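The structure under discussion appears below in the form of structure tokens.
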Amino acid sequence: MTMDAAPDYQHQPPPAEAASAEARLKGHLGHLTTGEESAFEEFRKLAAKEGLYTPATDVKKASHDDGTLIRYLRARKFVPQEAFAQFKDTEIWRKDNDLDALYEKIDIHDYQEARSVYPQWTGRRDRRGIPVYLYEVGKLDSKKMIAYSSSTSKSKEKGPSPSRMLRLFALYENLTRFVMPLCSAVPGRPNPETPVDQSNNIVDISHVGLKQFWNLKSHMQDASTLATAHYPETLDRIFIIGAPSFFPTVWGWIKKWFDPITTSKIFILSHKQVLPTLISFIDIANIPMKYGGELDFECGKTPVLDQQVRDCLSIAAGSDAERLFLSAPVRWIDAGDDEMTALGVGSIDGKQRKEAVATLHSLAVRVATSSSRHTQRQGTETVGAPASRPFTHHNQTALPGRPASKGQATPSSQPTGIQPAPNADLSVASLHDQPVPAGGVLQHHLQNGGPPEKISMPTPPAQMERTKTDFFTPPSDPSEIKTLE
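Under our numbering, read the sequence shown as residues 30 to 514, first letter to last.
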């Protein structure tokens, strides 16, 4: 086998400016150019004409949210016809594999088994609000992978795609239906006008030998191929750490396992570059301890939510409630009153579950900009900066650091941990389908391999239009909502 003499992966950390919130906004909802706006309108007209997209009306949400549609445009460089072709292929693929039903019915044991062999959400976000995933490849030894292969071959999930792929589909559905909407809705993140629809990945290949790499070839290809074809622009970047000494030599053939867009987002970090680079993107409290951070997390553990999320979240009572909330199939529904309810789905011992497992209070506000005119159709209010908005939920409790408005509890009564979820009014809920974007090729080096002294975030204007976050807009199903009352 001939090896490439000069591997072309990004062997230097990304530039310091890439860690800012501003760097990821080009081509994203709320920050489109005039040309991109025109392409967006043409794409929607194409999809509507073919019956694959239903625009919003005064009484009904659109069949697909704008963020999802823009992902396809961004993946195809804002060429409407090419974006529509990929979107159409995905819609057919979703129907053929009955993706919605798969996620609703998948056995939770099968789901958790699949989760153990793919990247796992740490429960934390980077400085831009993007979820941070960890993938410890060294744990995928031959014994574990043989057992997983055997399990998928006996799986009850059936469809035109292999069983191993059906489980992988469910993981991507969790990314778009649970993790991304949660990260988008939590208040206080930079650029609330733009949905969080990317993931930031730390891939640890420490102690992985050449044979193990080769044995994992098809396993890794499955995930990359699926994301490129049907979940485009979901990847922000991949930081590979712990690369063995032979890695530069074999990169020439490893890179052929993945599409060029994916490889352009891979950055190989030396031991000295790991912590400085991760700190430039991720607060040290959200970096796993084994890489120099403060977070007690490794693959196989339940995600550890950051305090900002916990302050706005209530999880149903029960000794196993938090683990099932964070490591089993869940999707969000709009509960009204600036709240979202997490609906636990999947099957346990053959019995399908559908139960409210958590509530997220005080959703982030969405800023209406020149390229998010659809927000104005939903009705807006002109107010001051987002931080001035009072936090309200069933118990009328103010967020830490914010003044309590009339009728709210004082800060001393603010819950400090996860509290039992109040009863959500599901009769007014609408089901949340979800989407997902990524940065382009990074070609500049991080000076001296060190983090920037300050992360630059855009300053919000003094006055702006805004509404409750409404990025994820699947069709409502009143009959299903009725069964939950």
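Glycine residues also receive a C-beta, built at the ideal position from the N, C-alpha and C atoms. The structure displayed is predicted, hence computed values, not measured ones.
Using only alpha-carbon positions, find the residue among the options that is nearest to residue i.
i: Tyr201; options: His236, Trp150 and Val166; result: Trp150
i: Tyr177; options: Leu197, Ser67 and His93; result: Leu197
i: Tyr147; options: Met194, Glu70 and Glu79; result: Met194
i: Leu58; options: Glu51, Thr223 and Asp87; result: Thr223
i: Asp335; options: Phe69, Arg154, Thr119 and Glu79; result: Arg154
i: Val333; options: Pro317, Ser213 and Met209; result: Pro317
i: Tyr101; options: Ala85, Asn229, Phe116 and Glu71; result: Phe116
i: Asp349; options: Tyr82, Ala364 and Gly373; result: Gly373
i: Asn315; options: Thr63, Leu163, Trp282 and Ser182; result: Leu163
i: Lys106; options: Ile283, Lys78 and Ser67; result: Ser67
i: Gln241; options: Val225, Phe276 and Arg218; result: Phe276
i: Glu65; options: Trp280, Leu98 and Lys284; result: Leu98
i: Glu120; options: His93, Tyr132 and Thr62; result: His93
i: Gly329; options: His259, Asp95 and Gly152; result: Gly152
i: Val237; options: Ser274, Lys284, Lys380 and Leu307; result: Ser274
i: Ile308; options: Pro219, Ser299, Arg156 and Glu262; result: Arg156
i: Ile290; options: Asp378, Asn203 and Ala256; result: Ala256
i: Val225; options: Gly96, Ala77 and Lys380; result: Gly96
i: Ile311; options: Val359, Asn230, Lys55 and Trp282; result: Asn230
i: Arg103; options: Pro221, Gly80, Leu392 and Leu54; result: Leu54
i: Lys90; options: Asp363, Phe69, Glu368 and Ser391; result: Asp363
i: Pro219; options: Leu81, Lys78, Glu327 and Ala52; result: Ala52
i: Pro42; options: Ser299, His390 and Pro84; result: Ser299
Helix, strand or coil: how does DSSP classify residue i here?
i: Ser145; result: coil
i: Arg515; result: Outside the modelled stretch of the chain, which goes from 30 to 514, sits residue 515, for which no answer is possible.
i: Glu120; result: helix
i: Pro44; result: coil
i: Ser190; result: coil
i: Gln110; result: helix
i: Ser386; result: Inspection of the sequence shows that residue 386 is occupied by Val rather than by Ser. Of the three classes helix, strand and coil, the one that applies to Val386 here is strand, per DSSP.
i: Thr164; result: One point to set straight first is that residue 164 is Tyr, not Thr, in the sequence displayed. Looking at Tyr164 - three-state DSSP - the assignment turns out to be strand.
i: Leu204; result: helix
i: Arg154; result: strand
i: Ser247; result: helix
i: Ile159; result: coil
i: Leu342; result: strand
i: Asp233; result: strand
i: Asp139; result: helix
i: Ser228; result: strand
i: Tyr177; result: helix
i: Asn220; result: coil
i: Asp87; result: coil
i: Tyr82; result: coil
i: Pro210; result: helix
i: Lys185; result: coil
i: Thr63; result: helix
i: Asp125; result: helix
i: Leu169; result: coil
i: Gly96; result: helix
i: Lys55; result: coil
i: Leu392; result: coil
i: Leu334; result: coil
Residues in the same chain with beta-carbon distance under 7 Å from residue i, minus the five sequence neighbours each way, listed in chain order, please.
i: Ala272; result: Ile234 and Ile297
i: Lys185; result: Asp136
i: Leu239; result: Phe275 and Val279
i: Leu128; result: Phe198 and Glu202
i: Gly217; result: Gln337
Under 6 Å Cβ to Cβ from residue i, same chain only, skipping five residues before and after it: list those, please.
i: Thr191; result: Looking at the sequence provided, one finds Pro at residue 191 rather than Thr. No residues qualify anywhere along the chain.
i: Ala354; result: A quick correction: the sequence has Phe, not Ala, at residue 354. Excluding residues within five positions, the ones whose Cβ falls inside 6 Å are Ile344, Val386 and Ala387.
i: Leu304; result: Gly321
i: Val338; result: Val215
i: Pro160; result: Trp150, Arg154, Val208, Cys212 and Ser228
i: Tyr132; result: Ala199, Glu202 and Pro358
With a threshold of 8 Å on Cβ separation, who are the neighbours of residue i within its own chain once the five nearest residues in sequence on each side are excluded?
i: Val376; result: First, the amino acid is wrong: residue 376 is Ser here, not Val. Contacts found: Lys134, Ile135, Asp136, Ile137 and Arg382.
i: Leu75; result: Pro109, Gln110 and Phe113
i: Ser356; result: Gln141, Arg144, Thr331 and Pro332
i: Asn126; result: Gly188, Pro189, Ser190, Leu195 and Phe198
Just to confirm, does residue i get its C-beta within under 7 Å of one of the non-hydrogen atoms of the ligand ATP?
i: Ala114; result: Absence of the ligand ATP is noted for the structure shown, with no ligands found whatsoever.
For the 8 Å Cβ check, are there 3 or more pairs between the stretch 161 to 176 and the stretch 245 to 254? Counting Cβ pairs under 8 Å, three or more are found: they touch.
Runs of beta strand (DSSP E) lying entirely within the stretch 252 to 330, each at least 3 residues, in chain order: List check, beta strand (DSSP E) in window: 264 to 270 and 295 to 297.
Contiguous beta strand (DSSP E) assignments of at least 3 residues, all confined to the stretch 351 to 382: Listed in chain order, they are 359 to 365 and 368 to 373.
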